[in-house]
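The opening position of the sequence shown corresponds to residue 15 in the numbering used here, with each subsequent residue numbered one higher.
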Amino acid sequence: MKRTTLDKIISSTGLVIAVVLFMAAGGLLFAYNFVHTQVHDQLAAEKIMFPAGDSVSLNALSGGDKDAVGKYAGQQVLTGAQAKVFADNYIAAHLRKIGGGKTYSELSAMSQANPSDMKLASQVQTVFRGETLRGLLLNAYAFDTMAVVAQVASLVAFVAGAILVVLALLGFRHAATVKGR
């Protein structure tokens, strides 16, 4: 096989792969925009607010929880990162206090063993609702994180496609300069 033919085949293959990478980059960018927008819009509709910087509920938090939540003091929860902080550092901290450090399943088992204890039944319901909201917020965080991964993958695919286009053009140029070989 002639060198020029080989250069043209390799360069053409590089262009085809570049087109596939550009299409993948577009799909990944679409996925990022769709998921990120959905997370934002769904969180915005819930109107969940971080406590103000001087609020009792913020000051009731300890060390790392107070610092993490304080970073967003007074803001609305609109991003996956904010949802994670609200779930793990605000809701979870309050649930630990409400349940005395016990999990929902532990409190539920205690309540089933003592069905006449209305205070315990109330704790179980509060912890259940809190854990449900916490889980929903952590799902928003997970989806937003997947969106960011798609955004990074889109950038990588675009850059790789651009590099392949440059290499393919250089390959075609080389094929033109080695005529007859």
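C-beta atoms are modelled at their ideal positions from N, C-alpha and C, and glycine is treated no differently.
Contact between the stretch 70-89 and the stretch 45-56 is absent: fewer than three C-beta pairs spanning the two stretches fall below 8 Å. It is roughly 8 Å from the alpha-carbon of Ala-95 to the alpha-carbon of Asp-158. The residues Arg-148, in chain order, have a CB closer than 7 Å to that of Ala-106 in the same chain once the five nearest residues on each side in sequence are set aside.
Counting the other CB atoms within 10 Å of its CB gives Ala-66 a total below 16, which places it among the exposed residues. Annotation: Met-15 to Phe-186 spans about 16 Å, alpha carbon to alpha carbon. In the DSSP assignment, Lys-116 falls outside any alpha helix (DSSP H) and carries neither an H nor an E.
Distance between Val-173 and Ser-122, taken at the CA atoms: about 53 Å.
Comparing alpha-carbon positions, the option among Thr-18, Ala-39, Ile-24, Asp-21 lying closest to Gly-175 turns out to be Ala-39. Minimum Cα-Cα distance from Tyr-155 among the listed residues Leu-183, Thr-93, Thr-146 corresponds to Thr-93.
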